[in-house]
Every structure is written in C-alpha cells, then in structure tokens.
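Presented below is the structure to which this report refers.
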Amino acid sequence: MDNNNNNTNIQPKKRVTVCGGGVIGVCTAYFLAKNGGAAVTLIEKSSIACAASGKAGGFLALDWCDGGPLASLARASFDLHRSLADELNGAEAYGYRPLTTLSLTVTEPGGKEGYRGSKSKSVRSSLPDWIDGPAETPATIGTAHSTAQVHPLLFTRKLLSEAVEKFGLEVVIGKVERVGTESGRVNSVVIEGGRVIDSDAVVLALGPWSSKFEMLGSLFRVYGLKAHSIVIEPKEPAAITPHALFLSYYPAHGGRPMDPEVYPRPTGNNSTVHNCLIRGYCVIAKLHTRGDYLLELATPCKYWEVYVCGMSSQVEVPDDPEQIVGDPESIQVLKRVASTVSSHLGQEAKVKAEQACFLPCTDDSAPVIGEIPGVKCCYVATGHNCWGILNGPATGAAMAELIMDGHAKLVDLSKFSPARFGSS
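Just remember that the numbering used here sits 204 ahead of the position in the sequence shown, which is counted from 1.
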C-alpha cells in the first residue's frame with residue numbers, strides 16, 4: 205500500500221521543447237535538463253551552432269554593458285561562464301581563458317594620415333611582440349579580471365554533449381512549422397513532415413530568424429546584422445599572446461575609420477573526440493538519415509588561431525543558415541587589416557575560414573526574453589545582438605528558472621519581456 209502511494213505521488217516531468225540550436229537555445233536546454241524536473245527536447249533546423257553561435261569571436265566582458273539594460277544579465281553571465289569553465293574543464297574543452305584587452309589606432313601604409321613608420325619605444329614596450337604593424341595609442345580596456353573568451357562553437361557543443369550524456373536531452377533535427385495551442389496554452393510543436401512533439405512549455409530561441417516565425421513576427425521585429433569574419437592560422441602560433449584587440453583602423457584610401465576586432469584564441473585539434481549517442485536524428489553537421497548516431501564533438505584546445513571580424517551591414521536574412529556566405533570585398537578588407545596589424549597574420553599565415561553570420565538585433569537594442577503575451581507557457585529568447593555568447597549562460601539559466609519555478613531568480617527578466625512592445 206505504501207509503495208503504491210509513493211508511486212502515485214511521483215510527479216511527471218514537465219515536457220519542454222526548445223526550438224533553436226544556437227547558444228541561447230542550447231544554454232536554455234542545458235539548464236532545463238540539468239534541473240532534473242523537465243524532459244527536454246531541442247529542435248534545430250540545420251546543425252548545432254551553425255550560424256552566429258559557431259562563427260562568433262567568443263569575447264566575454266564583465267562590465268562593458270554597465271549603465272544599460274544588459275548590465276545585470278552580462279555580469280551574471282560572465283560569472284556563470286567562469287563557474288561553467290571550472291565545472292566542465294572549459295580551458296581544455298572549449299578554450300575558456302581570461303585575457304587582456306587593448307584598444308589601438310592602426311593606419312594603413314599610405315593612408316590619409318600617412319604611414320607612421322616604426323612604433324616609438326614607449327609604444328613597442330606596451331604591446332606584445334606579435335603586434336608589429338603601425339599601431340599607436342595603445343590602451344588597456346580590459347584585464348584578466350574583466351575580460352575573457354571561449355571558442356563559441358566548442359562551447360555550445362560542449363554544453364550540448366553534457367546535456368545529452370548526463371541529463372537526457374533529446375536532440376531532433378527538423379524545421380519547426382508551428383506551435384500548437386489549446387485554450388490559450390501551448391500543447392505541442394509540429395515539425396516539417398508532420399511529427400508532433402507534445403509539450404507543456406516551448407521556448408523559441410530562433411535568433412535572427414525570429415521575425416520569420418509568424419507567432420513572433422506579429423509581436424516584434426528582430427532584424428539581422430550581417431557580420432564578416434576570417435579565421436587565421438598564424439605563421440608562428442606560439443608567438444601569439446592572449447590579447448584581444450579593438451581597433452580604430454584608418455584605411456589607405458581615407459574616409460571614416462573602421463572598427464575591426466582581433467581575437468587570438470585556442471582551438472580544438474580534433475585528436476580527441478567526445479561521442480554521445482543521440483536517438484532519432486544525426487546532428488553532427490547536416491541532416492542525414494534516421495537512426496542512432498554518434499555526435500562527434502572536438503574538445504581539446506591545444507592549438508591557436510586568430511579570429512578577425514568586422515564589416516557589418518543590415519541585410520535580409522536568408523531562410524537557410526547553411527547558405528550564408530561572406531561578401532568578397534568585406535573578406536578582403538579583413539585580410540588587409542590582419543596583415544597590417546601583424547606580420548604573423550600576413551602572407552605566410554593560412555586563412556582557415558572566410559565567413560559571415562547574422563546577429564539578431566531588436567529596435568530597442570535589448571534582447572527579448574520571457575513569456576509571449578496571450579500564449580501561456582510559450583517563451584522567447586532572442587535579440588542578443590553581439591553579446592549572445594556572453595549572455596547565453598545567464599539567459600539559459602534564468603529561462604530555466606522562469607519555466608520551472610514561475611520566476612527567474614538569477615536575473616530580473618522583466619525589462620526584457622516581449623510584452624514591452626505592446627499589441628501589434
């Protein structure tokens with residue numbers, strides 16, 4: 205009799221479906237699954253971290269959002285990155301490390317202000333040796349206490365593998381067609397092909413594709429800012445020190461200065477792989493066939509690369525994230541920036557990737573996080589702009605609290621509520 209009563213009192217797990225396999229969706233799924241009170245399914249249309257979450261720089265800052273609406277979110281997330289790195293061996297698994305951040309003025313040879321020649325002795329002494337281009341006015345804008353970095357692709361996939369292996373997360377590759385509702389409450393997610401995933405709660409973490417999803421596009425606008433980047437294998441990787449660079453860059457043809465960024469970072473060497481079995485679909489890179497597959501996640505960070513980004517513009521977001529490519533002119537500018545900043549990043553270096561991604565932006569420059577008005581238990585988390593990697597952990601942890609406990613304790617999410625946009 206006692207055993208029967210105990211079995212009767214066991215509460216079924218809340219069925220939560222997270223739509224979107226970028227850093228925001230994966231962080232949300234990770235903390236929900238880790239909570240233990242939810243049976244979590246993550247749906248991704250293409251492949252995990254295939255867009256901005258896999259092509260970002262991975263720069264983290266403690267206090268750069270102070271004075272604005274993101275301050276508490278950013279500070280909480282910076283601290284959470286540190287604790288996650290301790291818990292998951294982030295230094296080895298996904299290149300977490302503190303670093304010094306510098307601002308520099310760089311003028312291309314023959315530029316409007318003229319070639320400045322070799323750096324003065326004082327400038328040389330304040331810069332790492334590998335920054336041997338015409339750099340001036342160096343200033344430290346972040347220290348090892350206030351700035352850090354991760355390799356965003358490895359970070360996102362590490363959280364995913366942990367959630368699958370340890371907490372039972374299910375991953376499905378498929379296109380979300382609609383969210384099912386009944387009496388003003390979520391009850392399912394329908395994916396292309398007709399599969400219905402019964403759900404007690406749904407999270408829409410669709411990044412720059414948010415406005416293309418009718419349920420969200422009718423409430424607020426998320427537009428895409430196309431950002432370009434290249435990834436370089438320097439000619440002497442061991443010479444590259446952990447210094448992130450924020451540049452005021454004067455091109456040779458004159459005109460307004462540009463603001464590219466340069467991030468040396470560790471990267472996986474693919475010699476060791478985490479394997480985790482995912483039932484239903486293969487999520488290694490692209491959709492293959494149904495069955496049981498191994499998700500291969502490179503984790504050791506033994507080698508070094510340099511990430512250079514910039515050249516952003518607002519353009520229409522394509523439907524397929526796999527079809528996003530960089531504009532050749534923008535890529536060439538970034539190569540020129542790299543070779544001007546450092547001879548280690550010039551002709552003898554190898555360009556490993558030329559790419560672009562879309563940052564999800566909102567009209568008021570704040571993310572949208574919270575329950576969707578008029579639809580109980582349907583939540584959104586999007587619009588993080590260039591701070592998605594930084595703010596992913598706190599967003600995910602706060603969303604998990606909101607869904608499981610009814611309110612977020614880690615961060616006050618009220619300022620990010622989709623209700624702030626009013627009715628359409």
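Every residue gets a Cβ at the ideal spot worked out from N, C-alpha and C, and that includes glycine.
- Excluding five sequence positions before and after Ser281, the CB atoms of its chain that fall closer than 6 Å to its own CB belong to Leu594, Asn595, Pro597 and Ala598, given in chain order.
- Within the same chain, Val230 and Tyr234 come within 6 Å of Leu363 by CB-CB distance, once the 5 residues on both sides are set aside.
- Here Asn391 carries a strand assignment [DSSP, helix/strand/coil].
- Under DSSP, Cys561 forms a beta bridge with Ala431.
- Closest by C-alpha distance to His588, out of Ile252, Lys217 and Cys269, is Cys269.
- About 25 Å separates the Cβ atoms of Tyr467 and Tyr427, ruling out a contact at the 8 Å cut-off.
- Of Asp267, Ala352, Gly372 and Gly272, the smallest CA-CA separation from Ala243 is found for Gly372.
- Counting only the Cα atoms, Val376 lies some 10 Å from Ser251.
- Around the Cβ of Ala260, a 10 Å sphere holds 16 or more other Cβ atoms; the residue is buried.
- Under a 10 Å Cβ-count criterion, Val400 is classified as exposed, with fewer than 16 other Cβ atoms of the shown protein chains found around its own Cβ.
- Counted as a single uninterrupted DSSP element, the beta strand (DSSP E) harbouring Gly346 occupies residues Ala339 to Gly346.
- Under the three-state reduction of DSSP, Phe371 is assigned to helix.
- In the structure shown, the three-state DSSP call for His447 is strand.
- Of the candidates His611, Gly378, Gly592 and Gly388, Gly592 places its Cα closest to the Cα of Gly258.
- Remark: three or more beta-carbon pairs, one from each stretch, lie closer than 8 Å, so the stretch 570-590 and the stretch 399-414 are flagged as touching.
- When the five nearest sequence neighbours on each side are left out, the beta carbons in the same chain lying within less than 6 Å of the beta carbon of Leu277 are those of Asn595, Ala598 and Val615, in order along the chain.
- Around the beta carbon of Pro455, 16 or more other beta carbons sit within 10 angstroms, so the residue counts as buried.
- Secondary structure of Trp413 (DSSP, three-state): helix.
- For Gly314 against Ser546, the beta-carbon gap comes to about 18 Å, at or over 8 Å, which does not count as contact.
- Here Gly346 really is in contact with Ala265; their C-beta atoms are around 6 Å apart, less than 8 Å.
- Counting along the chain, no beta strand (DSSP E) covers Glu552, and no H or E run does either.
- Here Ala553 is near Pro438, since their CB atoms are less than 7 Å apart.
- Counting along the chain, Phe263 sits inside the beta strand (DSSP E) bounded by residues Phe263 to Ala265.
- Selection Thr305, Glu533 and Gly578 evaluated against Ala348 yields Thr305 as nearest (Cα-Cα).
- The Cβ-Cβ distance between Gly600 and Thr221 does not fall below 7 Å.
- In terms of Cβ geometry, Val394 and Met419 do not form a close pair [threshold 7 Å].
- Leu236 and Trp334 have their alpha carbons spaced roughly 43 Å apart.
- Within the DSSP secondary-structure output, Met462 pairs in a beta bridge with Tyr453.
- For Glu248, there is no enclosing alpha helix (DSSP H); the enclosing beta strand (DSSP E) covers residues Ala242 to Glu248.
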